[in-house]
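Take a look at the structure set out below.
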Amino acid sequence: MDKGMSEIVKGVAKMVVPFIMLFGISLILYGHISPGGGFSGGVVIAGGFVLLLLAFGREHAFRIFPEKFAEKLDSLGAVGFLSIAVLGFTGGHFFYNFLDKGRLFHLWSGGTMIFSNIMIGIKIGAALFVAIAMLSMARLIHTKEGVEYRRSGEDK
Amino acid sequence: MIVNMPVLVALLVLMTAGSVIAIAAKSLTSSVVAMGTAGLILSILFLILGAPDIAIVQVFVEIVALIVLLSIISRESSADMSSSGLYGGIVILIFAIFFFTFMLHFHEMVRPFGEPVIDMGKGYLMASPGQLKGADVVNSIILDFRGYDTIGEATIIFTAIIGVLVMLRKKGRV
Chain E
1 MDKGMSEIVK GVAKMVVPFI MLFGISLILY GHISPGGGFS GGVVIAGGFV LLLLAFGREH
61 AFRIFPEKFA EKLDSLGAVG FLSIAVLGFT GGHFFYNFLD KGRLFHLWSG GTMIFSNIMI
121 GIKIGAALFV AIAMLSMARL IHTKEGVEYR RSGEDK
Chain V
1001 MIVNMPVLVA LLVLMTAGSV IAIAAKSLTS SVVAMGTAGL ILSILFLILG APDIAIVQVF
1061 VEIVALIVLL SIISRESSAD MSSSGLYGGI VILIFAIFFF TFMLHFHEMV RPFGEPVIDM
1121 GKGYLMASPG QLKGADVVNS IILDFRGYDT IGEATIIFTA IIGVLVMLRK KGRV
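Heads up: the protein sequence lines correspond to chains E and V, in order.
FYI, in the numbering used here the residues of the first sequence are 1 to 156.
FYI, in the numbering used here the residues of the second sequence are 1001 to 1174.
See the structure below:
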């Protein structure tokens, strides 16, 4: 069966999604020298996956980015950010910027900021995508007894 | 900062109109679309007022929120809007009167725009390119000087996602 939206939407999504992903990655990686950062980059990447989800249907989006993997990435981002904070104890205190600061306006500048940005980006991207995918699965069915919850695909 | 005043006023008027339409519209779909207008104009305002970081976040969060709200509305066809009635109108009127009297004297209470009460920002502005070598001051603040706050935000999002997963999981629902 043909899932998702029409051919036009699918074609445009196919062309646009790589650029959205690239934009998100560049926002994350250059967050410490230009406007952007982990949160905005993560939201952009999640938006790209949501576009895939809307255009091609749920099965295709989950084949590219499985739900379980997204949950693991969410946890990995949280733990990674926290461990960067805890690693600050090597230099003295919590959240101490223990790495070499580098040179201003270079990619390597700001010490731990680039790693924090990457971790937050992974976390936000996976988390928002999984939340929207779960919400897209949810289906409330109104019966006589009340409202019944059901995941789509189990409708019989 | 030099801001083009007519453009600013026009955007503010459009945003207010979007918010009013979002409240007053009969159908949920048009109300959500009007709310999206308000949010997108807010992101343009952020850009004009010199906050590109927040503008990027605002654009994409607004779009994602719009998708979520529209998908919920298209599923929940039985949801309809009930009018708030006389009581709601009176409450809104009283609130509006208080709000406008407050805003009339607001400018006497606060310091002018750009001169904050707490001068901590100047220290951050100097230390961010100086000590930390971070060119983007906003990112330096949220990831280094104010890292605790960012950990709090990350925890909130993590908890929210766990909540969504627990509420919408497939099995073991009591």
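Beta carbons are placed, not taken as given, at the ideal position from N, Cα and C, and that holds for glycine.
On a predicted model such as this, the values are computed, not experimentally measured, just so you know.
A direct Cα-to-Cα measurement between residue 1047(V) and residue 114(E) gives close to 24 angstroms.
DSSP places residue 125(E) in the helix class (H, G or I) of the three-state scheme. Segment contact: the segment 19 to 32 of chain E against the segment 75 to 89 of chain E, fewer than three CB-CB distances shorter than 8 angstroms; contact not assigned. Distance check between residue 95(E) and each of 12(E), 111(E) and 104(E) places 111(E) closest, using alpha-carbon atoms only. The alpha-carbon separation between residue 1129(V) and residue 1107(V) amounts to approximately 33 angstroms. Along the segment 1100 to 1124 of chain V, there is no position whose C-beta sits under 9 angstroms from a C-beta of chain E. Considering only 1031(V), 1034(V), 1007(V) and 1169(V), the residue with the shortest C-alpha distance to residue 137(E) is 1169(V).
Residue 46(E) sits away from residue 4(E), with the two beta carbons spaced by 8 angstroms or more.
The residue among 1040(V), 1152(V) and 1005(V) with its C-alpha nearest the C-alpha of residue 82(E) is 1152(V). Contact with chain V is absent for residue 65(E), since none of that chain's Cβ atoms lies less than 8 angstroms from the residue's Cβ.
Residue 138(E) carries a strand assignment under DSSP once its states are collapsed to helix, strand and coil. Residue 37(E) carries a coil assignment under DSSP once its states are collapsed to helix, strand and coil.
Put simply, the backbone Cα of residue 1037(V) is about 38 angstroms away from that of residue 104(E). Residue 1027(V) carries a coil assignment under DSSP once its states are collapsed to helix, strand and coil. Scanning chain V for C-beta atoms nearer than 7 angstroms to the C-beta of residue 44(E) yields 1060, reported in chain order. Rounded to the nearest whole angstrom, the C-alpha separation of residue 25(E) and residue 1065(V) is 21 angstroms. CA-CA distance, residue 53(E) to residue 1113(V), rounds to 44 angstroms.
Here residue 1160(V) is exposed. Its C-beta has fewer than 16 other C-beta atoms within 10 Å. Against chain V, the beta carbon of residue 103(E) has neighbours under 9 angstroms at 1133, listed in chain order. When the Cα atoms are used, residue 51(E) and residue 98(E) turn out to be separated by approximately 39 angstroms. With distances taken between CA atoms, residue 43(E) lies nearest to 128(E) out of 128(E), 68(E), 77(E) and 7(E).
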